[in-house]
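Read the structure below first, then the notes.
In the working numbering, the protein residues as written are 104 to 583.
See below:
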C-alpha cells in the first residue's frame with residue numbers, strides 16, 4: 104500500500120472514531136458475543152507490547168463499561184494447540200453478570216495456533232441467544248482465514264436464514280494485505296470493518312461496535328464503484344446531510360463480494376464522498392442529498408471511468424524521445440508522467456486519466472537545450488480519446504578543433520546569440536569519434552567558444568554558426 108493510501112485510511116479511521124455514529128440510537132447491546140483471535144501471531148508486538156496483552160486490557164475495559172444486565176459471551180480460537188483448525192472454543196456462553204469471571208478467562212488465553220475464522224464464526228452463530236433479542240458479534244483478528252473457510256459466505260447464509268445478529272470485524276495490526284475477506288464478512292453481517300493499528304484504535308473500534316445497535320432499521324446504502332467497466336477499490340465516507348457529521352465509512356475493494364458496498368443506515372438524508380485510492384492525484388466524487396428509506400436499499404453507482412490522452416512527439420518528422428508530464432490545469436499537481444522514447448510501441452505515449460482539463464508539459468530529450476512546450480487546458484472526457492502532437496525542429500552542429508591538421512582537445516561551449524543562454528557544452532578530445540563534437544540544436548544562430556586546454560597558454564577562439572532545421576552545419580577552429 105502506498106503512502107497516499109496509508110494517509111487516507113488513517114484519516115478515515117480518525118474521523119470515524121471521533122464521530123458519534125447513529126447518536127440518536129446508541130445503547131449497549133443486550134447480547135454481545137466476542138470472537139477473539141488467540142492464534143500464534145497474537146504474540147507479535149506493537150510498540151514493544153504483545154498484541155494479546157493489548158487485546159486483553161482493551162477487552163477488560165470494554166467489558167467493565169457494560170451494564171450489569173448485559174449478556175456477554177466469548178469464542179476464542181488458536182489458544183490450545185498448534186496447527187489445529189479445530190482449535191475453537193466457546194469459552195463463555197451469552198450470560199449476564201459474569202464479567203469478572205470472563206476477564207480471568209481472557210487473561211488465561213495463550214496464543215498458539217492457526218486462524219480458523221470461519222469455524223469460530225460458526226461456533227458463535229450456533230450459540231446465539233434464543234430470547235428474541237438480536238446479538239452483536241464482534242470478531243477481533245490480526246490475520247486472515249488460514250483453514251480454508253469462507254467467513255463471508257457463512258455470515259451471508261446465516262443472515263439469509265433469518266438469524267438475528269449484526270457482525271462487526273476488527274482487523275488488529277493486520278498489515279498490508281487484502282482484507283476484502285474481512286470487509287465482506289462485516290458487510291454480510293450488516294456491520295462495519297475497522298482497521299485498528301494500535302491499542303487506541305482497538306479500543307475505539309470496540310467502543311463503536313458495542314455502541315451501534317444490533318437492530319438497525321432495514322435500510323441501507325449500496326455504493327458500486329467502477330473504472331472503465333471494472334470494479335474499482337474506493338473509500339466511502341458517509342455524512343449526515345444536515346449536520347455534516349461523518350456517520351459511517353466503508354471500502355469497496357475490487358471484489359464483487361464487497362463492491363457494491365452495503366452500509367446500514369437509519370432512514371434520513373446523506374452525502375457521500377468517494378475516494379479512488381488507487382488512482383493518481385486527488386480523485387474524488389461526491390453525491391449530495393441521498394435519501395435512505397426504511398425497508399429499502401438506495402443504490403449509487405460512482406463511475407471513475409477514464410479517458411485516453413495520446414501524446415506523439417517527433418523531431419524533424421521522426422519519432423523522438425521526450426518526457427511528458429500531465430498536471431491538473433492551472434496547478435502544479437502532477438497526475439501522470441512518462442517518456443515517449445523513439446519506438447512505435449511507446450510513441451504516442453498513452454495515459455488513462457479521469458475526465459477534466461489538464462496541462463501537458465513536454466520536454467525534448469534529444470536536443471541539447473532541452474526545449475519545452477506546454478499544452479494548456481487539454482480536455483479529457485470519459486471513454487473518449489484525446490490526442491496532441493508536437494514536432495521539434497532541429498539541426499545538427501559539428502564543431503572541430505585542429506592544429507596543423509592534427510586534432511586538438513578543446514572544451515566547447517554553445518551559446519544562443521539571441522538569448523545569451525548556453526545550450527550545449529562538450530569536449531572534443533583527440534579522437535575522430537568526438538572531434539568534431541556533435542550537438543543537436545533548435546534552428547538559430549549560435550556563438551561557439553572553444554578553449555584548447557592542452558595547448559601552451561590555453562588559447563581560446565570563437566565563431567558564429569547558423570543551424571537550419573534538418574541540416575548539418577560544420578565549423579572547425581584552427582589553432583595556431
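All residues carry an ideal CB built from backbone N, CA and C; glycine is no exception.
Close beta carbons around residue i, own chain, < 7 Å, minus the five adjacent residues each side
i: residue 225; result: 257
i: residue 565; result: 550, 551 and 552
i: residue 280; result: 247
i: residue 450; result: 415, 416, 422, 443 and 444
Straight-line Cα distance separating residue j from residue i
i: residue 208; j: residue 353; result: 33 Å
i: residue 332; j: residue 360; result: 17 Å
i: residue 408; j: residue 552; result: 54 Å
i: residue 177; j: residue 196; result: 7 Å
i: residue 296; j: residue 174; result: 23 Å
i: residue 265; j: residue 448; result: 57 Å
i: residue 142; j: residue 205; result: 19 Å
i: residue 495; j: residue 416; result: 8 Å
i: residue 156; j: residue 148; result: 9 Å
i: residue 490; j: residue 288; result: 45 Å
i: residue 571; j: residue 578; result: 14 Å
i: residue 240; j: residue 429; result: 48 Å
Start and end residues, alpha helix (DSSP H) containing residue i
i: residue 363; result: Looking at the DSSP string, residue 363 is not in any alpha helix (DSSP H), and its letter there is neither H nor E.
i: residue 254; result: 254 to 263
Environment of residue i [buried if 16+ CB atoms lie within 10 Å]
i: residue 452; result: buried
i: residue 555; result: buried
i: residue 509; result: exposed
i: residue 184; result: exposed
Cβ shell of residue i (< 6 Å), same chain only, five flanking positions each side left out
i: residue 539; result: 501, 502 and 503
i: residue 402; result: 325
i: residue 134; result: 174, 197, 232, 236 and 238
i: residue 479; result: 462
i: residue 406; result: 329
i: residue 486; result: 408
i: residue 249; result: 217 and 218
Residue of the options minimising C-alpha distance to residue i
i: residue 371; options: 345, 441, 508 and 527; result: 345
i: residue 580; options: 505, 561 and 525; result: 505
i: residue 493; options: 273, 420 and 542; result: 420
i: residue 312; options: 274, 324, 472 and 334; result: 274
i: residue 251; options: 187, 466 and 336; result: 187
i: residue 290; options: 164, 139 and 362; result: 362
i: residue 525; options: 532, 546 and 471; result: 471
i: residue 535; options: 511, 549, 522 and 234; result: 511
i: residue 221; options: 152, 165 and 284; result: 284
i: residue 139; options: 151, 161 and 441; result: 161
i: residue 390; options: 425, 342 and 475; result: 342
i: residue 521; options: 547, 374, 537 and 262; result: 547
Unbroken beta strand (DSSP E) run spanning residue i, endpoints
i: residue 492; result: 488 to 495
i: residue 183; result: It is not in any beta strand (DSSP E) - residue 183 carries neither H nor E in the DSSP assignment.
i: residue 376; result: 371 to 378
i: residue 140; result: 134 to 140
i: residue 155; result: Taken as a continuous stretch (DSSP letters only), residue 155 belongs to no beta strand (DSSP E), being part of the alpha helix (DSSP H) at 154 to 167.
i: residue 300; result: It is not in any beta strand (DSSP E) - residue 300 carries neither H nor E in the DSSP assignment.
Contacting residues, own chain, Cβ-Cβ under 8 Å from residue i (five flanking each side not counted)
i: residue 230; result: 136, 176, 178, 193, 196 and 197
i: residue 276; result: 147, 149, 154, 245, 299, 300 and 301
i: residue 574; result: 498 and 499
i: residue 440; result: 426, 427, 428 and 429
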